[in-house]
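Below is one structure; the comments refer to it alone.
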Amino acid sequence: MSKTNIQLSDSSTENNPHVFRLEIGLSIKQIREGRGLTQEQLAERMSISRSTISKIESGKFNFSIDYLSRFADFLNFEIILKEGQ
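For what it's worth, our numbering labels the leading residue of the sequence shown as 7, then goes sequentially.
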């Protein structure tokens, strides 16, 4: 399985943490669905609740970089930071 990238740039977030969380959450959801996993299956594999997965995917959970790293490991994606234009 090839790695998927999540690319984040400072210009895409416009200094709005909620927009940043939503952008990441939607990317995680897209990757999870592309891997054929339900929220419940991913939650079980990561030992977290399905509601936490749901909140992260909808941008309603202020998660840490540790969570993002765990998602990257479990879903096999890379996080790439790009300088804004």
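Ideal Cβ positions, reconstructed from N, Cα and C, are used throughout, including at glycine.
With a cutoff of 7 Å on beta-carbon distance, E63 and I34 are scored as near each other. Pairing L48 with L81, the inter-Cα distance amounts to about 9 Å. DSSP, reduced to helix, strand and coil, places K61 within a helical segment of the structure shown.
Straight-line measurement puts the Cα of M52 at about 11 Å from the Cα of S75. For E84, the uninterrupted beta strand (DSSP E) run begins and ends at F83 to K88, by DSSP. In this structure G40 does not touch G65 by the C-beta definition: roughly 19 Å separates them, more than the 8 Å allowed. Minimum Cα-Cα distance from K61 among the listed residues D72, Q45, E50 and I71 corresponds to Q45. The C-alpha of L28 is placed about 16 Å away from the C-alpha of A78.
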